[in-house]
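To start, the structure under review is shown below, and the notes come after it.
Numbering (the numbering used here), first residue to last: 44 to 145.
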């Protein structure tokens, strides 16, 4: 779905089932109209593991998804601090291709 407000288009998640009509218009408030013009799928949120030492299990999580590579997105200061080195070493030891974007 998209909405038009101040002549900007912003994508919104549709709550429609694939078989429902795509031509509906829902007015939420003055100046804001939802227009559904295409079907799409929203996948469940990713798995989040929060526990002591969980970074050492990251390679298992990646491989359980059938993946062979990982992209780590961080900032330059954190990358330069060395705090990621054990994580990167563990991923590489598991034969995963690793790229760092900082």
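Think of the CB as a built atom: it goes at the ideal place given N, C-alpha and C, for glycine as much as any other residue.
Item checked: Nearest neighbour of residue 127, chosen from 138, 104, 89 and 99 [CA to CA] -> When only C-alpha atoms are compared, the closest one is 99.
Check: For residue 10, which residues does DSSP report across the bridge?
Finding: A question about residue 10 goes unanswered here, because the residues of the chain that appear run from 44 up to 145.
Notebook entry, point to check: So residue 104 and residue 137 are in contact, right, with Cβ under 8 Å, and what is the actual spacing, rounded?
Noted result: Actually they are not in contact, since the Cβ atoms of residue 104 and residue 137 sit about 11 Å apart, beyond 8 Å.
Check: Hey, residue 113 and residue 134: beta-carbon distance below 7 Å or not?
Finding: Yes.
Item checked: Own chain, CB closer than 7 Å to residue 145, minus 5 neighbours either side, in chain order -> The answer, listed in chain order, is 117, 118, 119 and 122.
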